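Colleague:
Chains as they are written, first to last, in the working numbering: chain A, 158 to 315; chain B, 54 to 781.
#1: Below 8 Å CB to CB, which residues in the same chain sit around residue 488 of chain B once its five sequence neighbours on both sides are set aside?
#2: Scan the region 263-277 of chain B for residues whose Cβ lies nearer than 9 Å to a Cβ of chain A and list them as they occur along the chain.
#3: Looking at the C-beta of residue 256 of chain A, does it have a partner C-beta in chain B at a distance below 8 Å?
#4: Check each candidate in B:568, B:495 and B:768 and name the one with the smallest Cα separation from residue 376 of chain B.
#5: Extract the residue ranges of the beta strand (DSSP E) inside the region 127-162 of chain B, only unbroken runs of 3 or more that lie entirely within it.
#6: Comparing the C-beta of residue 578 of chain B with each C-beta of chain A, is any distance below 8 Å?
#7: Pair every Cβ in the region 391-406 of chain B with every Cβ in the region 492-507 of chain B, then say whether three or more of these pairs are closer than 8 Å.
#8: Just the chain B side, please: which residues come within less than 7 Å of residue 294 of chain A by C-beta, in chain order?
#9: In whole angstroms, what separates the C-alpha of residue 173 of chain B from that of residue 654 of chain B?
#10: Quick one, are the C-beta atoms of residue 407 of chain B and residue 456 of chain B less than 8 Å apart?
#11: If you follow the alpha helix (DSSP H) that residue 793 of chain B is part of, which residue opens it and which one closes it?
#12: Excluding five sequence neighbours on each side, which residues of the same chain lie with their C-beta closer than 6 Å to the C-beta of residue 122 of chain B?
#13: So that I know if they touch, is there some Cβ in chain B lying closer than 8 Å to that of residue 247 of chain A?
#14: How about residue 302 of chain A: is its C-beta nearer than 8 Å to some C-beta of chain B?
#15: Whose C-alpha, out of B:513, B:300 and B:330, is nearest the C-alpha of residue 311 of chain B?
#16: For residue 178 of chain B, which residues of its own chain have a beta-carbon under 8 Å away from its beta-carbon, when the five flanking residues on both sides are left out?
#17: Give a yes or no on whether the minimum CB-CB distance between residue 101 of chain B and chain A is below 8 Å.
#18: Between the Cα of residue 302 of chain B and those of B:735, B:323 and B:318, spot the shortest distance and give me the residue it belongs to.
#19: Should residue 239 of chain B be labelled buried (16 or more other beta-carbon atoms within 10 Å of its own) or exposed?
#20: If you count every other CB in all the chains shown that lies within 10 Å of the CB of residue 184 of chain B, and 16 or more means buried, which is it?
#21: Sort out for me which residues DSSP pairs residue 521 of chain B with in a bridge.
#22: Could you give the residue range of the alpha helix (DSSP H) that holds residue 469 of chain B?
#23: Check the C-beta distance from residue 151 of chain B over to residue 249 of chain B and give it rounded, since I have them as a contact under 8 Å.
#24: Between which two residues does the alpha helix (DSSP H) containing residue 699 of chain B stretch?
#25: Would you say residue 491 of chain B faces chain A, with C-beta separation under 8 Å as the test?
#26: Of all Cβ atoms in chain B, is any one closer than 8 Å to the Cβ of residue 284 of chain A?
#27: Please name the residue, chosen from A:298, A:223 and A:221, that lies closest to residue 278 of chain A on a Cα-to-Cα basis.
#28: Closest by CA to residue 722 of chain B, which one among B:713, B:733, B:715 and B:708?
#29: Please classify residue 785 of chain B: is it buried, with 16 or more other beta-carbons within 10 angstroms of its beta-carbon, or exposed?
#30: Out of curiosity, what's the CA-to-CA distance linking residue 510 of chain B and residue 389 of chain B?
#31: Would you say residue 335 of chain B lies against chain A (beta-carbon separation less than 8 Å)?
#32: Residue 732 of chain B and residue 233 of chain A: beta carbons closer than 8 Å?
#33: Would you kindly check if the distance between the Cβ of residue 689 of chain B and the Cβ of residue 757 of chain B is under 8 Å?
#34: Could you pull out every residue in the same chain whose Cβ sits closer than 6 Å to the Cβ of residue 316 of chain A, ignoring the five residues on either side in sequence?
#35: Would residue 691 of chain B pass as an interface residue toward chain A - the criterion being a Cβ-Cβ separation below 8 Å?
#36: If you measure from the beta carbon of residue 454 of chain B to each beta carbon in chain A, is any gap under 8 Å?
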C-alpha cells in the first residue's frame, strides 16, 4: 500500500506494508541510513528521530502511524540547538564507535529544544533511553551542557 | 593475551629481540614483516603519471597532488581511536600539517598489514598502537625521505640541507607543498628503513597532544558508514533462523507461508539454520516468523547454566592442571591453622555491541567480495577461501566502521562472516546483507565463558600472605581455534589464567591450577579477556586478606607491591587523586580500590559507592593509568572512561543464563546494560612516560568490578564474590 510521508521537509511516497516500522522505511526504502537499528524494541534509542518535534523510537512506530506527521531524521536536523549539539559532539570528541550517536544527538537536541538549561537529572531522564555500549555517557552529558551554553550565547547575541 | 613480554621499550632504534623471537613462531613472518616495513609501493602506482591520483609512497602513506596525505589504517576502527592514533604517528615523522591528513581502512593483505604482535592482520588484545607505533612512524619517515629526495633532485641541492615542517618542504627561499612534490616523490626509490632516523620524544610535535581528525568521519551527523548502511545494487537482506539450542540442526522446515509473504524472495537451509531473503530487513524478519522448523537436538547442549556452574564448583574442589607453581603452597596451606578461602562465580556475558552482527557478501564463482567491520582480516579471509575452495587472493575485504566490537567481531571461527558467504554463494552474483536482530545477537553466542574460582591463602605472623592456592574452572576460549597451538601449552589456555598467574603481589608460595571443561556453549574473548574474571578474584581476595590482617587496603597492597614500582606508582597516584584516607565520605558511602596490569598497561581505580537499602550507586571513579607514551591523551582518557563503563555494566547487571540449553535473555530489557543514569563521574590521570605505548582499549575494564565490590565490602564488612554484584 502507498503511504505519503513528510520527512525532513520533503514528501515521500512509499509502497510498503502498513506494519513496517518507520525505521525500515527510512533506512531500506529512502536510503536515509543515519538512523540506526539497535534493538527493534524501543529499548536502545539508536533509531530516534523527531516526530512533530518529539524524540521518538522509529523501530516501533509503524509507517501507517507516521502519515501526516512532521518527521525529522539526523540528515534533516537544522535547528540552532541541533547545530550546537553537533558542534559540541565534535569539540568534546563524544563518539567512539559512533553507532548510537545519531540517536544520542536526536534525543539531546529534542531535550534542548524543550529545555534550554537542563539539570543533570533532566539529562539523565531524557537520555537514559539511549544506550551507548562504548560508555560515552560522561561526554554526552558534558556535550549537552556545552551546547546549552553555546545556544544561549548564540540566542543572546541574536 | 599475555603480550607484556613483547612490549619492551622501543622508542627509536632497531626492533628488540623479544619481538623478533615472537614473530619467528608465527606463520608467514618475513624479514620485512619483522621490521614492519614491507611497505614497498606497487610499481604500477608509483610510476603512474596521473596528476590527480593519490601517489603511493608506501603501503601506508599516499599523497595526492591536491596536498592530501592519506594514511591507510591496518586496524579496525570500532571506537578505540586507531584512525587518529595511527595517523598521528605517521604525520609526526612525515612532518605533515595535521589538517592535511585523512584516514582509510587498509584492505585485507597480510603481507603488508599484519599486526606485528600477532603475525596476522587483525585488531585485538589492545595491540593496535603497541604494534604500530614504530611501524607507522617509519612509514611517515620513509615518505618524508622520498619527498626530500624529490625536492633535492628538483632543486639540485643536497638532501641534508632540506627542511620539512608542517607539510612544507623548504630549502633557502624555495619551498614546495607535499602535493606539489607527490608525483616526483613517488618515483624515488624507497629508502632503506634501517637508515631512517626517527625523532626522540622531546622533538614530538603531534604525539602526546589531543589531536582530532580535521576531516570528521561523520559520527555526529549520521554520515559515517557501518556494515548496516552498506547499499549495493540488487542487494538482498538475509536473516537466519538459528537453532534455539547450541548444536541443534534443522530436521525439517516448511517455507510455504514465508514465501507467500509479499517481498520474501528466497528461503533455504544453510549449515547454521534457515535463511530468509527479501529486499528489506523488515520483510525478511516477517518471513522468518512464518517459518515452521523442526529442530534436531540430538547433538545440542541442553543443560542449564546453573548445572554448568554447579559442575565448576565441584571441579574447583579437585586438583587441576598446574599452570604455575612457586614453592609448595599445598603443604603450607595444609599446615596452616587459619586459611582464608573464597569461591568466586562468574556468568556468561554477551558483548551486546550496539550494532548487531552483520556482514555483506557477494560471491561470483570462486571469488568473493565482502563489506563489513572486519576485525580479523587474515583469519576471515582464509576461512572464506577455504569454504569456497579458492585462494585468499580471490577474497577481497572492504572494511567499514564497526558499531562496537569488544572482541565479538574477531571470531576465531569467522562465524557470522561464513554465514553471510554461505548464503551469498547460493545466489551467485547477488550482494547479500546478513543482518542479525538484537535477539539473534544475544542468543547465538559467542559469550565470555562462565567461570568458578577458588582462592585459599594463609597469612604469616605479620598478616602478609604466606601461601596462596588458586583453582580456576571454565571453558577454554582458544581450544579448537587456529590459535590453539600458539596460545595453549601443556594443557593451559593462557587466557583462562592470565592475571592470576604472574601474580602481581608478593606471595612466597603460589600455585595456580586450571580445569577446562568442554561444553556446547560457544565462547570468545570479551573486552580484557581473562582479566575480566582473574582481576576480580585477585583484587577482592587481597582486600579480604587486608581486612583479615586489619590493614588499610591501599597500604596493604603497597606493602605487597614493594618490588613492583609500576603498580606502586599507579596505585599511589590514584589514591592521592581520589583523596584516599583524606577525603571523608558521606554516611552510607563506601570507598574501594583495585589495581591490575593487563595488555602491557597498569590501571588503578578507586570508586565511591552510595548505598540505600538493598540498592547502591557508583558515584565516582578516579582512575590512573600507565600506558607508556600517551600518543593521544584525550583518547586514552576516553578509553578509560569507556572501559570502566563496559566493566561496570557487567559488575551491576549483565548476565547470560540458560535454561535447558535455551538462552534466557533476548534483548536490552532482559540483558540490562549500563545506562546514563547509572554512569558515575570518571576522572582519569595518566602517568607521564617515555616508554613505548602499551594497551589502552582494555586495561581500564578489569579493575572496575573489584573496586566496586571492595567499596561494598568497606560498607558491609563482607567479601562480594559473585558477578553481577547484589547487595542482598
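Ideal Cβ placement from N, Cα and C applies to all residues, glycine included. Computed from a predicted structure; not experimentally measured.
Modeller: Looking at the coordinates:
#1: Cβ neighbours of residue 488 of chain B beyond the five flanking positions: 281, 290, 291, 292, 334, 337, 409 and 411.
#2: Per Cβ criterion, the list reads 263, 265, 269, 270, 271, 272, 273, 274, 275, 276 and 277.
#3: Yes, because at least one Cβ of chain B sits closer than 8 Å to the Cβ of residue 256 of chain A.
#4: Ranking B:568, B:495 and B:768 by Cα distance to residue 376 of chain B puts B:568 first.
#5: Entirely contained in the region 127-162 of chain B, the beta strand (DSSP E) runs reaching 3 residues are, in chain order, 154-158.
#6: With its beta carbon at least 8 Å from every one in chain A, residue 578 of chain B lies outside the interface.
#7: Yes, the region 391-406 of chain B is in contact with the region 492-507 of chain B.
#8: By Cβ distance, chain B contributes 698, 729 and 732.
#9: The alpha-carbon atoms of residue 173 of chain B and residue 654 of chain B are separated by roughly 22 Å.
#10: Contact annotation: residue 407 of chain B and residue 456 of chain B have beta-carbon atoms nearer than 8 Å.
#11: The structure shown does not extend to residue 793 of chain B, since chain B is modelled only from 54 to 781, so the question has no answer here.
#12: Within its own chain, the residues whose Cβ lies closer than 6 Å to the Cβ of residue 122 of chain B, once the five positions on either side in sequence are excluded, are 116, 149, 153 and 154, listed in chain order.
#13: Cβ-Cβ to chain B under 8 Å: yes for residue 247 of chain A.
#14: Cβ-Cβ to chain B under 8 Å: no for residue 302 of chain A.
#15: For the options B:513, B:300 and B:330, the alpha carbon positioned closest to that of residue 311 of chain B is the one of B:330.
#16: Closer than 8 Å at Cβ, skipping near neighbours: 54, 56, 170, 171, 582, 652, 748 and 751.
#17: Unreliable placement is indicated for residue 101 of chain B, whose pLDDT of 41 sits below 50; the coordinate value is still reported in the next sentence. At a cut-off of 8 Å, the C-beta of residue 101 of chain B has no neighbouring C-beta in chain A.
#18: Nearest C-alpha to residue 302 of chain B: B:323.
#19: Residue 239 of chain B is buried by the Cβ-count criterion.
#20: Of the residues assessed, residue 184 of chain B falls on the buried side of the cut-off, its CB having 16 or more other CB atoms within 10 angstroms.
#21: Its beta-bridge partners are B:510 and B:563.
#22: Element bounds for residue 469 of chain B: 468-477.
#23: The Cβ separation is near 21 Å, so there is no contact.
#24: According to the DSSP assignment, residue 699 of chain B belongs to the alpha helix (DSSP H) that extends over 686-705.
#25: Residue 491 of chain B counts as touching chain A.
#26: Chain B has a Cβ within less than 8 Å of the Cβ of residue 284 of chain A.
#27: Ranking A:298, A:223 and A:221 by CA distance to the CA of residue 278 of chain A puts A:298 first.
#28: Of the candidates B:713, B:733, B:715 and B:708, B:708 places its Cα closest to the Cα of residue 722 of chain B.
#29: An answer regarding residue 785 of chain B cannot be provided, because it is not within the stretch 54 to 781 covered by chain B.
#30: Using only the alpha carbons, I get a separation of about 9 Å.
#31: Judged by the 8 Å Cβ criterion, residue 335 of chain B is in contact with chain A.
#32: Here residue 732 of chain B is not near residue 233 of chain A, since their CB atoms are 8 Å or more apart.
#33: Between residue 757 of chain B and residue 689 of chain B, the gap from beta carbon to beta carbon reaches 8 Å or more.
#34: Since the first residue shown for chain A is 158 and the last is 315, residue 316 of chain A is missing from the structure and cannot be characterised.
#35: So yes, residue 691 of chain B belongs to the interface.
#36: Answer yes: the Cβ-Cβ gap between residue 454 of chain B and chain A drops below 8 Å somewhere.
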